[in-house]
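Each remark here refers to the structure printed beneath this line.
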Amino acid sequence: MSIVSPVPPPTVPGTEVEVPRGPAARGLPGPLLFLGRALRTLWSNGKARIGLVILGIDILVAILAPLLAPHSPDATTFTPYQSPNATNWFGTTGNGQDVFSQMIYGARISLLVGLIAGAVATLVAVTIGLIAGYRPGMIDEVLSFITNLALVIPALPLMFILAAYLKSRSVWTIVLVVAFTSWATGARVIRSQASTLRTREFVTSAQFSGERLFRVVFREILPNMTSLVAGSFFAAATAAVMAEASLEFLGLGDPNTVSWGTILYYAQQQNALLTGQWLMVFAPGLAIALLALSFTLVNFGVDALSNPRLREKA
Amino acid sequence: MMLLHAQGVNVVYEPSRGTRIWSVRDVDLTLQQGEFVGLVGESGCGKSTLGFALTRMLRAPARLENGAIHFNGVDVASLSGEALRRQRRKGFAIVLQSAMNALNPVRTIQNHFGDILRAHAGPGDHYSEGAVRRRGAELLGKVRLDPNVLAKFPHELSGGMRQRVSIALVLALEPKMIVFDEPTTALDVIVQKAVMQTIQELQRDQGFTAILISHDLGVVLESTDRVMVMYAGRIVEDQPSKALVRGLHHPYTEALLGCYADPRAEEIHLEGIPGSPPDLSKPLAGCAYAPRCPLAEEICWKLVPPLAPLGSGAAACHVRAPSAKVPGATAAAAKAGAGTVATK
Amino acid sequence: MRQPNGQSAPGKAASVPPLVVSDVSKIYTVRGRGRGKFIAADHVSFTIPPGAALGLVGASGSGKSTLAKMITGSERPTSGSIKFGDLAVERLGAGGLRSYHRRVQMVFQDPYAALNPLHTVAYHVARPLQNFLGMSASRASERVHELLEIVGLTPPAQFAGKLPHQLSGGQRQRVVIARALACDPELVVADEPVSMLDVSLRSGVLKLLAELRANRGLSLLYITHDLLGARIITDEILVLHKGKVVERGATKHVLQHPKDEYTVQLLDAIATPFAANGAATTH
């Protein structure tokens, strides 16, 4: 809920400021207002802008895949092992599938897994980090211990083991496996920050105003951690994209889905380099790297999100 | 002998593209060897920025724009790199407000002295640990600290002791001029007095020129020979310290004095200053204090008053200290009755 | 601005209970290097009568902030009791503390830290109204404007929507005071409310606190190392040194005739332009 204040009358020249609108719900994906402002803030940073552009292109490609792809990605109608030619811009796979169409449709899975796994991991990290940071004592000790345990176990091997043992081989398995192994770093950092913010005077002040625990954590502390949460999200998403590609490359994914990782898997299986289909290796590799890079670049602009001064710019 | 002559110092601060904040505007300053001068003003008046500019300590996004700073005959405003670094030995130095927090927590005080002495050693100077210890003990003695402090780590010392160590470290450079930027503000009130006394004694004994920057008029008047009051980036008054409490002054100085009182007095009358300082990111026409000044005349809104003689010093006020260089100022001053006694 | 004459709003003073601090001590055990115990408060006793203004004076480390925290319930004393009327403050649980805050509020020292940088002025002042008084959004909004007027932030509509970084230190402190007053408390603990403000802004805030106390009949505990502020606002002061009360009495009397050596030291440490010239001046 918010207090709606009327637009103030202009006063002494030089002191009037645009009235920022009332605070929207924060913490979890909020209304358009918050997102719009966040995007504007990120756009103002040079590196983040490049990252947003690359990410934007990837998202558009994923959404518009049916329109952009000249052929169906699964159709095995073409001559296999073709180098790039007029019909198949990127050549064909050993099964006769068009690589270019696969690349376009592949964006969907990579993006989906990256963003969703990143979001789930961040959600877990925020929950655990906030609780541990806000409540010192036994709760903090237990949660920190679990976090440290999760940090110490090597993520990639754990992922392989989990993926190999789980019966189902769908995309969602991958999402869960990746999320399960990458929440710990974020949790640790968020716990530190929450712990520092807890002792800040405005938190004590909020308690004196009668705020209850839930509101103190989600309306006072969390909004001041926006940068950190966003940063954790993009870091987790980066890791997720790489992890997903790795799992599929190793054949632990669903071989029937089309994603950049599975293209690499088949490239390896079909000795693409030997048959001269260098694009089949190069294209998905570059695409994965660029997507991961875009997340990292956007992270450069994330510091400004927590800065209230940027809310003034209409 | 003139030690520092600064002319037309302007400092602009650009926190983001499109915003320029003029923190110091057209400051002229002359200091003689051995003077103890105070620079007083409230938040945002530019006093610390000026102190940093004079010791060439400004960092982006703040920069010195225009201005010549002649220190001991050398124009230091144009120096950079190694030439500037060399000026810091037997040249000018600064003691910061939280200098005590600038000490490296994992090194002993003796290590700190070693670092400074060796970094600024002249050609042929070689400092063995023994030499560092001797010189360190000597310097610590000057700030009334026991030589056994050399073996300690910063966290083992109290705030006041750490601040004294910071001053001793600066003395190692044998500077001719030291700028003290709010040296005691971060300290406990009783320790403040002790450290200020030490600074005063040091200045007397060692004879370096000192600039004391503070928001506390009382502290400045107690320790310094001469005081300069700053407002909105300019120096608005420059008087001998003893002369500041009586007589007519710049309206801002008078208003500032009205904010102080002795708690032991029979009756206390405390004032504030209504309004707030101007926005320094916008160009200011005329005197920056005009909106809050009870004596403001038409000319005050149009022309920036230059520093003109007032009493034993100078003030930048069209009404109190009309300058011969400003047309119509004398008439305006006469109209405002510049000769009347100030009411308190 | 003259010294307060000690009068408070008729009727209100009668309903405000006294705050009685009895033999309170707070000992922190310092772990790690085995430095042992740190005695923040050492058998401190005092009473704040209804509607009175008491000053707690001392340098940092004297224990005054610790006492403030114990009185407002943020910390528990190691021994001794704190009673607000019949209420035993040191035994309050989480729920009890919430309703205690409705009656005993705090004005914080650092106006830059006491306000959440992401919330508007209106939000800060409205929260206690909604939490303690159960006001609806519209009624709270009206009351926020009234409170902003009372603390001198006029026109209120201009300030209500501002964020903390758009205000000066003095303005922020007024917001902090407005927030503390919102739920109509009986006792306000002001912990160094003006020490981080420019000198020109102090008088205004001190005047405001004195007026509020007189008009609303609330009790005030003024904690500071600044003796001038104490002289202006309080009727009686306690001088604290290393957790012990070393001197107490009527403010003007203690300042003009200090008995304890530490009080003398504190008075000596003040540098005022007028003392520098010799005698204490009268105007």
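Residue numbers (the working numbering), protein chains in the order written: chain F, 1 to 314; chain D, 1001 to 1344; chain C, 2001 to 2283. In this text, a Cβ means the ideal position worked out from N, Cα and C, and glycines have one as well. Bear in mind that the values here come from a model prediction, so they are computed numbers and not experimental data.
| Query | Result |
| --- | --- |
| Minimum Cβ-Cβ distance from C:Gln2171 to chain F less than 8 Å | no |
| Beta-carbon spacing of D:Leu1084, D:Val1011 below 8 Å | no |
| Span separating the alpha-carbon of D:Gly1038 from that of C:Asn2131 | 50 Å |
| 8 Å CB neighbourhood of D:Asp1225 in its chain, flanking five on each side removed | Glu1035, Phe1036, Val1037, Pro1240 and Ser1241 |
| Option nearest D:Val1027 by Cα separation, candidates D:Ala1060, D:Gly1051 and D:Ser1016 | D:Gly1051 |
| Rounded C-alpha distance that separates D:Thr1019 from D:Pro1283 | 12 Å |
| F:Lys313 to F:Leu213 span [Cα, whole Å] | Confidence at F:Lys313 is low in this model, with a pLDDT of 39, below 50, so its placement is unreliable and the value that follows should be read with caution. Their Cα atoms are separated by approximately 32 Å. |
| Sub-8 Å separation of D:Leu1157 and D:Gly1136 beta-carbons | no |
| Where the stretch 1259-1292 of chain D meets chain C: residues whose CB sits under 7 Å from a CB there | Cys1259, Tyr1260, Ala1261, Asp1262, Pro1263, Arg1264, Ala1265, Glu1266, Glu1267, Ile1268, His1269, Leu1270, Glu1271, Gly1272, Ile1273 and Ser1276 |
| Contact test: F:Ala121 Cβ vs the ligand MN heavy atom, cutoff 7 Å | In the structure shown, the ligand MN is absent, as is every other ligand, since no ligand is present at all. |
| Limits of the unbroken alpha helix (DSSP H) element including F:Gly186 | Ala184 to Arg198 |
| D:Leu1003: first and last residue of the uninterrupted beta strand (DSSP E) it sits in | Met1002 to Ser1016 |
| Residues that D:His1070 bridges to, as DSSP identifies them | D:His1005 and D:Asp1075 |
| Beta-carbon spacing of D:Val1179, D:Ile1069 below 8 Å | no |
| When F:Val217, F:Arg188 and F:Gln193 are compared against F:Thr204, the one with the closest alpha-carbon | F:Val217 |
| Residues near F:Leu166 in its chain [Cβ-Cβ closer than 6 Å; skip 5 each side] | Thr173 |
| Contacts of D:Glu1082 in chain C (Cβ-Cβ under 8 Å) | Those within 8 Å of D:Glu1082 in chain C number zero; the least Cβ separation is about 40 Å. |
| Chain-ordered chain D contacts of C:Gly2249 [CB-CB under 7 Å] | Under the 7 Å cutoff, chain D gives no residues; its nearest Cβ is about 14 Å from C:Gly2249. |
| Min CB distance C:Ala2040 to chain F below 8 Å | no |
| F:Trp43 burial status per 10 Å Cβ neighbour count (16 or more: buried) | exposed |
| Rounded separation between D:Met1002 and D:Thr1253 - CA only | 27 Å |
| Simplified DSSP state of C:Val2151, which is helix, strand or coil | coil |
| Cβ of D:His1112 within 8 Å of any chain C Cβ | no |
| Contact list for C:His2241 against chain D, beta-carbon separation under 8 Å | None at all; the shortest Cβ gap to chain D is about 10 Å. |
| Spatial neighbours of C:Gly2161 in its chain, beta-carbon cut-off 6 Å, leaving aside the 5 residues before and after | Thr2120 |
| Per-residue burial, C:His2257 [other beta carbons within 10 Å of its own, 16 or more giving buried] | exposed |
| Candidates D:Glu1082, D:Leu1169, D:Asp1146 and D:Asn1072, of which the one nearest D:Ile1116 by Cα | D:Leu1169 |
| Separation of D:Arg1134 from D:Gly1313, as counted between CA atoms | 44 Å |
| Minimum Cβ-Cβ distance from C:Phe2108 to chain F less than 8 Å | yes |
| Span separating the alpha-carbon of C:Ile2082 from that of C:Ile2232 | 27 Å |
| Sub-8 Å separation of C:Val2284 and C:Val2044 beta-carbons | Here chain C has residues from 2001 to 2283 only, and residue 2284 of chain C is not among them. |
| C:Gln2166 at chain D interface by Cβ criterion, 8 Å | no |
| As assigned by DSSP and simplified to three states, the class of F:Met103 | helix |
| Rounded Cβ spacing between C:Ala2114 and C:Val2024 (contact assumed at less than 8 Å) | That belief does not hold up - the Cβ atoms of C:Ala2114 and C:Val2024 are roughly 25 Å apart, past 8 Å. |
| Interface flag, C:Ala2214 vs chain D, CB-CB below 8 Å | no |
| Min CB distance C:Leu2054 to chain F below 8 Å | no |
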